[in-house]
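Under our numbering, the first residue of the sequence shown is numbered 8, with each subsequent residue one higher. Everything on this sheet refers to the single structure shown next.
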Amino acid sequence: MNFTIVHEQEDDGRWLAEVPELPGVLAYGANAQEAMSRAEALALRVIAERLEHGESRVIAINISIPVAA
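Next comes the structure, spelled out in structure tokens:
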């Protein structure tokens with residue numbers, strides 16, 4: 008399964024990153040990289056929890072992080 012991390016800067020200057028394929032997986036950071044790193048770590052935790060509790064089957068995953076322009 009492929010997961011994508013998307014990010015945007017909020018009006019207050021913070022960055023928000025989320026994984027649309029995993030509802031509720033979003034994280035803030037002081038910059039885009041920090042927000043994306045936090046979102047990636049959270050996504051991995053969510054996937055691990057689902058596996059541990061039998062809520063998901065084992066699948067190959069790929070997480071894509073857009074390259075900054």
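Ideal Cβ placement from N, Cα and C applies to all residues, glycine included. Model, not experiment: these values are computed from the prediction.
> With a Cβ-Cβ cutoff of 9 Å, do Pro30 and Val13 count as a contact?
Replying inline: Position 23 of the sequence shown, counted from the first residue, corresponds to residue 30. Position 6 of the sequence shown, counted from the first residue, corresponds to residue 13. Against a cut-off of 9 Å, the Cβ pair of Val13 and Pro30 comes out as no contact.
> Is Leu58 buried or exposed, if buried means 16 or more other CB atoms sit within 10 Å of its CB?
Replying inline: Within the sequence shown, the letter at position 51 stands for residue 58. It counts as exposed.
> With respect to the alpha helix (DSSP H) encompassing Ile70, which residues constitute its N-terminal and C-terminal limits?
Replying inline: Translated into positions along the sequence shown, residue 70 becomes position 63. Taken as a continuous stretch (DSSP letters only), Ile70 belongs to no alpha helix (DSSP H), being part of the beta strand (DSSP E) at Asn69 to Ser71.
>> Going by DSSP in three states, Glu59 sits in which element: helix, strand or coil?
In response: Along the sequence shown, one-based indexing puts residue 59 at 52. Correct three-state label for Glu59: helix.
> Identify the residues that DSSP records as bridge partners of Glu25: which are they?
Replying inline: Walking along the sequence shown from the start, residue 25 turns up at place 18. Answer by DSSP bridge pairing, in chain order: Val13 and Leu33.
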